[in-house]
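Peer 1: Each number in this note's numbering comes from the position in the sequence shown (counting from 1) with 4 added on. Glycine included, each C-beta is placed from N, C-alpha and C at the ideal position. One structure, as structure tokens, below. Some questions next.
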Amino acid sequence: MNDRHLDRFRYRIRLIVCLPISYSGQEGKRSKARDYRSPEVNPMAVYVVTGGAGFIGSHIVEELLRRKQTVKVIDNFSTGKRENLKPFIGKVETVEADIAESLALGEYLRGADYVIHQAAIPSVPKSILDPVKSHRANVDGTLQLLLACREAGVRRVVYASSSSLYGDSPALPKHEVMLPNPLSPYGAQKLFGEIYCQVFTKAYGLETVSLRYFNVFGPRQDATSQYSGVLALFIPAILKGHRPTVYGDGLQSRDFTYVQNVVEANLLACTTSGVAGDVFNIACGDCITVNSMLQQINKITGNDIAPIYTDPRRGDIKHSMADITKAREKLGYNPLVSFEEGLRRTIEWYRNNIS
Ligand SMILES: NC(=O)c1ccc[n+]([C@@H]2O[C@H](COP(=O)([O-])OP(=O)(O)OC[C@H]3O[C@@H](n4cnc5c(N)ncnc54)[C@H](O)[C@@H]3O)[C@@H](O)[C@H]2O)c1
Numbered sequence: 005m006n007d008r009h010l011d012r013f014r015y016r017i018r019l020i021v022c023l024p025i026s027y028s029g030q031e032g033k034r035s036k037a038r039d040y041r042s043p044e045v046n047p048m049a050v051y052v053v054t055g056g057a058g059f060i061g062s063h064i065v066e067e068l069l070r071r072k073q074t075v076k077v078i079d080n081f082s083t084g085k086r087e088n089l090k091p092f093i094g095k096v097e098t099v100e101a102d103i104a105e106s107l108a109l110g111e112y113l114r115g116a117d118y119v120i121h122q123a124a125i126p127s128v129p130k131s132i133l134d135p136v137k138s139h140r141a142n143v144d145g146t147l148q149l150l151l152a153c154r155e156a157g158v159r160r161v162v163y164a165s166s167s168s169l170y171g172d173s174p175a176l177p178k179h180e181v182m183l184p185n186p187l188s189p190y191g192a193q194k195l196f197g198e199i200y201c202q203v204f205t206k207a208y209g210l211e212t213v214s215l216r217y218f219n220v221f222g223p224r225q226d227a228t229s230q231y232s233g234v235l236a237l238f239i240p241a242i243l244k245g246h247r248p249t250v251y252g253d254g255l256q257s258r259d260f261t262y263v264q265n266v267v268e269a270n271l272l273a274c275t276t277s278g279v280a281g282d283v284f285n286i287a288c289g290d291c292i293t294v295n296s297m298l299q300q301i302n303k304i305t306g307n308d309i310a311p312i313y314t315d316p317r318r319g320d321i322k323h324s325m326a327d328i329t330k331a332r333e334k335l336g337y338n339p340l341v342s343f344e345e346g347l348r349r350t351i352e353w354y355r356n357n358i359s
């Protein structure tokens with residue numbers, strides 16, 4: 005046994021000591037979609053999820069535990085919530101740290117096979133207000149993490165990129181080969197992150213895969229901030245009988261993607277061979293306008309609430325829709341949950357969880 009194997013062995017023993025019971029995810033009991041998938045990603049692998057206390061990260065953690073993998077979370081809880089990890093207490097090792105400044109990142113990553121990198125300040129408006137702060141988390145943080153992953157001998161890093169780097173070019177759907185044209189510091193930072201990932205694969209042989217998410221929604225998405233995703237703002241507003249605010253005419257469209265599809269893509273990206281250094285769109289391949297999304301929320305919730313229209317926001321793009329052929333062909337990705345089904349599940353969750 006060499007040092008690396010010995011470290012990994014010790015690490016697992018440490019985790020097993022604090023993992024007394026195996027976890028069976030709550031959604032797994034309810035969701036038929038889960039039945040299509042293989043029960044295990046990779047037997048006994050160690051996954052580190054940065055930003056694991058956040059919206060998407062906590063769903064990744066949940067699914068990994070359901071598949072009986074060993075999971076560790078690194079999060080500074082800037083937007084992530086402790087309550088998102090509450091169901092997993094005792095089953096996940098959680099490190100509170102800032103990836104952009106932690107000198108101990110290498111120590112936290114010791115023994116990790118895969119790093120699923122979600123940590124970021126994921127907001128276009130916040131990046132416009134304070135580009136330096138979001139650059140630090142989104143670019144410096146990614147660079148520090150990649151360096152630490154290289155040092156720790158991590159097998160592969162999967163990076164959460166974003167459709168925002170395509171910008172407002174009128175060509176639809178968006179293909180991975182299109183020239184990026186970000187309209188916001190956030191879009192630029194996500195592009196930098198991707199480039200660093202690719203460079204680390206080329207220059208240092210660290211395997212990386214970048215996934216460009218398109219408008220992710222689902223349970224646990226923060227509904228309390230003015231910077232929240234559009235569905236996380238609209239659903240609670242309509243459930244409370246309030247009129248949501250639409251920036252622009254509502255004819256802008258998005259490829260809304262239910263969070264479980266993104267989770268599946270991440271797990272495929274960890275273990276699929278032949279994709280190191282590659283970039284993939286992760287979406288449903290649909291184009292849904294904000295107005296039609298509002299109509300569907302009204303229909304499902306039994307309401308008829310009209311929005312308040314106001315000026316478009318700076319940095320927001322008009323239309324966004326993905327071509328997901330590459331992810332289908334090379335990762336075997338298939339959106340398992342449709343927009344309508346995802347919307348129903350999300351509305352149900354907000355019904356039970358908003359005060
Ligand atoms: N939600 C979307 O629609 C969407 C779309 C495209 C890309 N993404 C990307 O997906 C990832 C996850 O987004 P989300 O919607 O779950 O956001 P989120 O805010 O819920 O999660 C981000 C997590 O990262 C943590 N974090 C932030 N800065 C950190 C730092 N410096 N060190 C350690 N932890 C830090 C936060 O505390 C939080 O838990 C982000 O990288 C985001 O850019 C999201």
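So is residue 268 buried or exposed if we call it buried at 16+ other beta carbons inside 10 Å?
Peer 2: buried
Peer 1: Could you give the DSSP three-state label for residue 144: helix, strand or coil?
Peer 2: helix
Peer 1: Under 7 Å from any heavy atom of ligand 1, does the C-beta of residue 104 make it?
Peer 2: yes
Peer 1: Mind reading off the beta-carbon distance from residue 334 to residue 279? Whole number of angstroms is fine, and I expect it under 8 Å.
Peer 2: 6 Å
Peer 1: How would you label residue 246, buried or exposed, when you count the other beta carbons within 10 angstroms and need 16 or more for buried?
Peer 2: exposed
Peer 1: Is residue 126 near ligand 1, in the sense that its beta carbon is under 7 Å from a heavy atom of that ligand?
Peer 2: yes
Peer 1: Under 8 Å by Cβ, that's how I've got residue 254 and residue 316 pegged, so tell me the actual separation to the nearest angstrom.
Peer 2: With a Cβ gap of about 10 Å, residue 254 and residue 316 do not count as contacting.
Peer 1: Are there any heavy atoms of ligand 1 lying less than 7 Å away from the beta-carbon of residue 137, as far as the coordinates show?
Peer 2: no
Peer 1: Alpha carbons only, please: which of 277, 327 and 266 is nearest the one belonging to residue 160?
Peer 2: 277
Peer 1: Between which residues of its own chain and residue 250 is the CB-CB distance below 8 Å, once the five residues before and five after are set aside?
Peer 2: 294, 295, 298, 311, 312, 313 and 314
Peer 1: So, helix, strand or coil for residue 67, using DSSP?
Peer 2: helix
Peer 1: Within 10 Å of its beta-carbon, does residue 29 have 16 or more other beta-carbons around it, so buried, or fewer, so exposed?
Peer 2: Low per-residue confidence applies at residue 29: pLDDT is 32, beneath 50, and the placement is therefore not dependable enough to give any value.
Peer 1: For residue 149 and residue 104, I'd like the C-alpha separation in whole angstroms.
Peer 2: 8 Å
Peer 1: Along the chain, where does the beta strand (DSSP E) that runs through residue 215 open and close?
Peer 2: 211–217
Peer 1: Since I believe residue 222 is in contact with residue 262 (beta carbons under 8 Å), could you give me their beta-carbon distance rounded to a whole number of angstroms?
Peer 2: 5 Å
Peer 1: Along the chain, where does the alpha helix (DSSP H) containing residue 276 start, and where does it finish?
Peer 2: Here residue 276 belongs to no alpha helix (DSSP H), and DSSP marks it neither H nor E.
Peer 1: Can you check which of these residues, 305, 281 and 210, is closest to residue 157 by C-alpha distance?
Peer 2: 210
Peer 1: Across which residues does DSSP place residue 123 in a beta bridge pair?
Peer 2: Bridge partners of residue 123: none, in fact.
Peer 1: On a CA-only basis, which of 219, 260 and 305 is nearest residue 351? Give me that one, please.
Peer 2: 305
Peer 1: So the alpha helix (DSSP H) residue 348 belongs to, where does it begin and stop?
Peer 2: 343–357
Peer 1: As a quick exercise: from 234, 264, 136 and 275, pick the residue whose alpha carbon is nearest that of residue 256.
Peer 2: 234
Peer 1: Would you kindly work out how many angstroms separate the C-alpha atoms of residue 101 and residue 303, rounded to a whole number?
Peer 2: Spanning the two alpha carbons is a distance of roughly 43 Å.
Peer 1: Please state whether the Cβ-Cβ distance between residue 189 and residue 127 is less than 8 Å.
Peer 2: no
Peer 1: In whole angstroms, give me the CA-to-CA distance for residue 172 and residue 325.
Peer 2: C-alpha of residue 172 to C-alpha of residue 325: approximately 11 Å in a straight line.
Peer 1: Could you pull the start and end residues of the alpha helix (DSSP H) that residue 138 belongs to?
Peer 2: 135–139
Peer 1: Out of 292, 242 and 122, point me to the one whose CA is closest to residue 388's CA.
Peer 2: No information on residue 388 is available, as it lies outside the stretch 5 to 359 that the chain covers here.
Peer 1: Please report the distance separating the alpha-carbon of residue 358 from that of residue 240.
Peer 2: 7 Å
Peer 1: Name the one or two DSSP bridge partners that residue 179 has.
Peer 2: Residue pairing by DSSP places residue 179 opposite no residue, since no beta bridge is assigned to it.
Peer 1: Anyone know if the C-beta pair for residue 67 and residue 271 falls short of 8 Å?
Peer 2: Contact annotation: residue 67 and residue 271 have beta-carbon atoms nearer than 8 Å.
Peer 1: Am I right that residue 341 and residue 264 are in contact with their C-beta atoms under 8 Å? What's the rounded C-beta distance?
Peer 2: 5 Å
Peer 1: Taking only three categories from DSSP, how would you classify residue 87?
Peer 2: helix
Peer 1: Quick one: what's residue 97 bridged to in DSSP?
Peer 2: 76
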